[in-house]
Every structure is written in structure tokens, then in C-alpha cells.
Amino acid sequence: MIVTELADHDPRWPQALALILTGTTDVAVARPRVAELLQFIQSQHLNLRTIVAANEGAALVAAASAIESPGRSALALIPPDPRCGERPAVVSLCLERVRQAAARHGVALLQALVLPEDANQASVCRGAGFAFLAELIYADRPVAQAVPIRLPATDLQFHNYSPSHHRLFARALELSYEQSLDCPKLTGLRTTDDILAGHRATGVHDPRLWFVAVRGGEAVGTLLLSPVPQRACVELVYMGVSAPARRQGIGDHLLAQAFKCCQERGFPTLTLAVDSANLPARRLYARWGFVETARRRAWVAKCGRAPQIV
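Just so we're aligned, residue -15 is where the sequence shown starts under our numbering, counting upward by one.
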């Protein structure tokens, strides 16, 4: 068994990427998926520079990769079942090599998204030193639906993102992380500036769709939206309320602001992901009529000198 980090001119590169995306080394079969992925990477200014492959003789038997994004994070890619189930230990070895390469490239956090029922991919992640983070619930809501609750008057002021407001947004994020139930194990793994850079790389960044809610001169809420042209929708990339301001209806006002922005720009759907353990957020989204569309389990691994995940 030979495990190699492939250069982009390596003749195995197309086969390895085909294996990762489709579970087969048939490049012709995988061509539409490969083209779609490469187009997405180019449009979002991401980086696919690491593919690790395992060979037994002339046969390519396993592979793994990572898509690096701004903010020192990356998304790990591993083959789907059933191929993954045949050689999970070898795929784990490839993924561990990907993790090492990501650390050399300055990545702090490597994440993998796995179907809840996919025990083989979970085993691969565990074997490569990943830790389970959370089960994410993806949900959508049509923008055309009426606001489901009567919003009380508010003294909130909304400020859009600008370089002059950068520290205000960073402070608002930090306040929202205190005692947060939304993937709390991520707290402290990257700097706030890294996190903001990662959020900016989601979808199509428009600073007019980023908001900090201020009350009495204090930042009490954050709302980060991003259009997703491929789906003709807007993603709620992040929404958070500072710990002292929770349970005061601020989440409702943030969602109302989100739907207002979607309506003004003609987007038909608002989409989001929420940690399944975050029951207050789930109740809020259910009250607003969001409907679950999918679930994924997030696994994470530190790279370089990022803090330990426990």
C-alpha cells in the first residue's frame, strides 16, 4: 500500500477526485460532478490543492481531499459508500495525510459533513483523529409566507457591515458565543477575524446583508445573510444574540429583518442550518415556519496549533 499526496499534474489526480465524489474511479462517470465542484470552487474563490491517494500496485483504492476556504478552515472530502466501507482504515490514513497538509497550509480547522446513517464515513473520520461536533439540521422557509407572530415595537438599531464597523461586528460575534448552544465546541478554535473571513466566503458576500443589532449603545445581536445563486435563495449564515439579551424577542426581530431583505431582493427562500442540540433556536425557527430538509453530522479536527477539541 502506497499513500501519496498528488501533484495537480499527476495522472491519478482525475481518478482520485472521481473516487472521492462518486465512489468510482471512472472519470467519465464522474465528469459532471467534478465539473460542478470545480466551477463552485472557482466561483467562491476556494482552494482544492490537496488530494491524497492510496494505491495497491496500479490500482487506486482510496482517496481524500480538502477544500480550503478563507478564515483558516477547510472542508474534508471522502468517498461515499460503499467504497468507503470496503477500506475505511485506508481512507482514514488518506484523510490524516490531508489533515497534515492542511496544517502546512495554515488551516486551523478541518471539518467533514457525514450523513447521520453513514457509519462507515463516521468511522473514517474517527480513525483520522476527528471528533464529533454536532448534528446539523438544515431547514427552509418560503419568503412569501406571512410573518407568523406580531412583533412588538423595538428600540433596536441595525448597522450594516463596513470596515469602520469591523470591530463592532467582531464584538457582537464574541458576545453571542457566550453560553451559546450552537456548536459550542467550536468556541476558541479560530480567531474572530478568521470566523468573519469564513462567513464572508459563504455564498455571495454583500455587506448590506450583514447586520449588527444595537440597543442602548451595546451590540445585542448579529445577523449575517448571503445569497446562494445556485439555489436562488438566501442563506442565514449566522444569527446570534448576546447572553444578557436573550429571551427578549431579539431573535424574532432579526428574523423579520432577514425576511425583509429577501423580499426586497426577490429571493423566494431563506435557508439555514442549526445544531440539533440548540433547542431554543429550533423552537424559534419552528415558530417561524422553517421546515427540515436534511441532516448532516459534523466532525472536526484541529490542524496546526489550534486548541484541543474536547
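For glycine and all other residues, C-beta sits at the position ideal for the given N, C-alpha and C. All values derive from a computational prediction rather than experimental measurement.
query, result
"Going by C-alpha to C-alpha distance, which of Ile234, Leu254 and Cys167 sits closest to Leu193?", "Leu254"
"Looking at the secondary structure, which residues open and close the beta strand (DSSP E) in which Pro252 lies?", "Taken as a continuous stretch (DSSP letters only), Pro252 belongs to no beta strand (DSSP E), as it is neither H nor E."
"Who are the near neighbours of Val18 in its chain, counting only those whose CB is closer than 7 Å to its CB and skipping five residues on each side?", "Leu1, Ala2 and Leu5"
"Indicate the three-state DSSP secondary structure (helix, strand or coil) for Gln(-1) in the structure shown.", "helix"
"Please state whether DSSP places Phe195 in a helix, a strand or coil.", "strand"
"With a CB to CB cut of under 8 Å and the five nearest residues on each side skipped, what residues in its chain are close to Ala123?", "Thr255, Leu256, Ala257, Val258, Tyr269, Phe274, Val275, Glu276 and Thr277"
"Measuring CA to CA, which of Ser260, Ile234 and Val188 is closest to Ala137?", "Ile234"
"Within the continuous alpha helix (DSSP H) that includes Arg299, where are the two ends?", "Residue numbering for the chain in the displayed model covers -15 to 294; residue 299 lies beyond these limits and cannot be assessed."
"Grab the span of the beta strand (DSSP E) containing Arg33 for me, first residue to last.", "Asn31 to Glu40"
"Would you tell me roughly how many angstroms separate the C-alpha atoms of Ala50 and Arg33, rounded to the nearest one?", "8 Å"
"Count the other CB atoms within 10 Å of the CB of Val196; is the residue buried (16 or more) or exposed (fewer)?", "buried"
"Indicate whether the contact test is met: 3 or more Cβ pairs, each with one atom in the region 86 to 101 and one in the region 37 to 55, closer than 8 Å.", "yes"
"State yes or no: is the C-beta of Leu220 within less than 7 Å of the C-beta of Gln241?", "no"
"Please report the distance separating the alpha-carbon of Phe153 from that of Cys245.", "19 Å"
"Judging by CA-CA distance, which residue of Asn262, Gly182 and Arg280 is the nearest neighbour of Leu312?", "Any question about residue 312 goes unanswered here, given that the chain covers just -15 to 294."
"So what's Pro291 in DSSP terms, helix, strand or just coil?", "Residue placement at Pro291 cannot be trusted, given a pLDDT of 37 that sits under 50; the coordinates are not used to answer."
"Compare the Cα-Cα distances from Val131 to each of Leu140, Trp272, Ala227 and Thr8 and report the closest residue.", "Trp272"
"Could you check whether Ala14 and Cys78 sit closer than 7 Å to each other, using their CB atoms as the reference points?", "no"
"Three or more C-beta pairs closer than 8 Å, one from the region 198 to 216 and one from the region 101 to 121: is that the case here?", "no"
"Are there 16 or more other CB atoms within 10 angstroms of the CB of Ile(-14), so buried, or fewer, so exposed?", "exposed"
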